[in-house]
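FYI, full-length UniProt numbering numbers position 29 of the sequence shown as 29, with every residue one higher than the one before it.
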Amino acid sequence: MPDTHLIAVVFLVFVALGAALSGPLVGWRAGAESIAAPANPSVAVGTVRTVSDRVTIDVESVSGQRFVGRLRQHADDHLVADLRPGVVLLVAFDPDAREALSLADDMVAVRAAFDRMLLRKGLLTAAQLELIRHGTRSRGVVTGMRATGGAREDYREVELDLMVRRPEGGQFPAHETTLVPASALGELAPGSIVEAYYRRGDESAVAVCVPPN
């Protein structure tokens, strides 16, 4: 599955915990009438492959395994009735019977799973992830951007100069080297606004979130 879809999912978990972002994405909390997920599920990212009697999904687990599974819910279940090929969603599965999938409904588990995936793929450092998880959320205005030439899959390494707004008023300059989706490079021109995270009392480091375009 393209990492641009993965980062879109992760961005929402960080910022909106389930709201739609850039490509098609669906997240639900399973209702009482849905089929129960396994007691100790693994969480993964799925891309809908086909929709017939059952919904078939291409899955990438947090450990990097790729396989094809099917939702336990029938395609006519109202919880999955809007699914179409290409939609990205969060799924849960039993590692001992991974072909049987359920919709992931534990956002804490989902967030932890994607934290591990981001670190494993090298898309964020542990320090950046710590700021996003526990820092102050704000916005930064891009004042300069330079591509370093570094790349990882569909991401490009850039150096960003920012003016970050303090929630209580005022702003401060920051410099951040980060990986961003290649499709978003055009959105980082001077004057662009990005999500920025930092710790109050320590403005020496920031982390930015840039979704795919």
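We put the CB at the ideal spot given by N, CA and C, even for glycine.
Expected contact under 8 angstroms - CB spacing of residue i and residue j to nearest Å
i, j, result
"Ala-196", "Val-208", "5 angstroms"
"Thr-56", "Arg-49", "5 angstroms"
As assigned by DSSP and simplified to three states, the class of residue i
i, result
"Arg-146", "strand"
"Ala-196", "strand"
"Gly-186", "helix"
"Ala-97", "strand"
"His-74", "strand"
"Gln-171", "strand"
"Glu-130", "helix"
"Leu-89", "strand"
"Leu-119", "helix"
"Arg-111", "helix"
With 16 other Cβ atoms within 10 Å as the buried cut-off, status of residue i
i, result
"Gly-31", "Its pLDDT being 38, under 50, Gly-31 is placed unreliably in this model, and the value from its coordinates should be taken loosely. Gly-31 should be labelled exposed."
"Gly-46", "buried"
"Asp-115", "buried"
"Gly-149", "exposed"
"Arg-166", "exposed"
"Gly-186", "exposed"
"Thr-178", "buried"
"Ile-193", "exposed"
"Ser-61", "buried"
"Arg-146", "exposed"
"Arg-156", "buried"
"Val-206", "buried"
"Ser-42", "buried"
"Gly-140", "buried"
Member of the options whose CA lies at the smallest distance from the CA of residue i
i, options, result
"Asp-94", "Val-87, Arg-139 and Ser-102", "Ser-102"
"Ala-112", "Arg-72, Glu-99, Ser-63 and Val-51", "Ser-63"
"Gly-86", "Val-59, Arg-199 and Ala-92", "Val-59"
Any non-hydrogen atom of the ligand MG within 6 angstroms of residue i CB
i, result
"Arg-139", "As far as ligands go, the structure on display features none, and thus does not contain the ligand MG."
Beta-ladder partner(s) of residue i, from DSSP
i, result
"Val-180", "Arg-156"
"Gly-69", "Ile-57"
"Ala-207", "Tyr-197"
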